[in-house]
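Enquirer: Dropping the structure in here first, questions after.
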Amino acid sequence: MAKAKTNVELCKGCYMCVSVCPKKAIRPVEKVNKKGYSTIAVDEDLCIGCGMCYKVCPDYVYTIE
Ligand code: SF4
Ligand code: SF4
0 MAKAKTNVEL CKGCYMCVSV CPKKAIRPVE KVNKKGYSTI AVDEDLCIGC GMCYKVCPDY
60 VYTIE
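Numbered according to numbering that gives the first Met the number 0, the sequence shown spans residues 0 to 64.
Below, the structure written as structure tokens:
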């Protein structure tokens, strides 16, 4: 099954992806990226590859592979 993959270095911590994920597979994390933003992490066990995160993210963090 396809899963959401992330490049968290592109993330700006807006958390729009967190609110749209139907499986609650995305959570905010404290870890800060090189741009200084708090980021997110995906629980691949919960992800169903629906692509909602990919559609909503303004910063191209997600690919569905
Ligand atoms: S929508 Fe994109 S930029 Fe916003 S928190 Fe999620 S991954 Fe980061
Ligand atoms: S692909 Fe769908 S289920 Fe997986 S993390 Fe993105 S929004 Fe959530």
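Glycine included, C-beta positions come from ideal geometry on N, C-alpha and C.
Note that the structure is a prediction, hence the values are computed from the model and not measured.
(1) Comparing the CB of residue 60 with every heavy atom of ligand 1, is any distance shorter than 6 Å?
(2) Excluding five sequence neighbours on each side, which residues of the same chain lie with their C-beta closer than 8 Å to the C-beta of residue 17?
(3) The alpha helix (DSSP H) with residue 53 in it runs from where to where?
(4) According to DSSP, is residue 8 part of a helix, a strand, or is it coil?
(5) Mapping DSSP to helix, strand and coil, what is residue 17?
Expert: Walking through what the data contain:
(1) yes
(2) 25, 26, 27, 39
(3) 51-55
(4) helix
(5) helix
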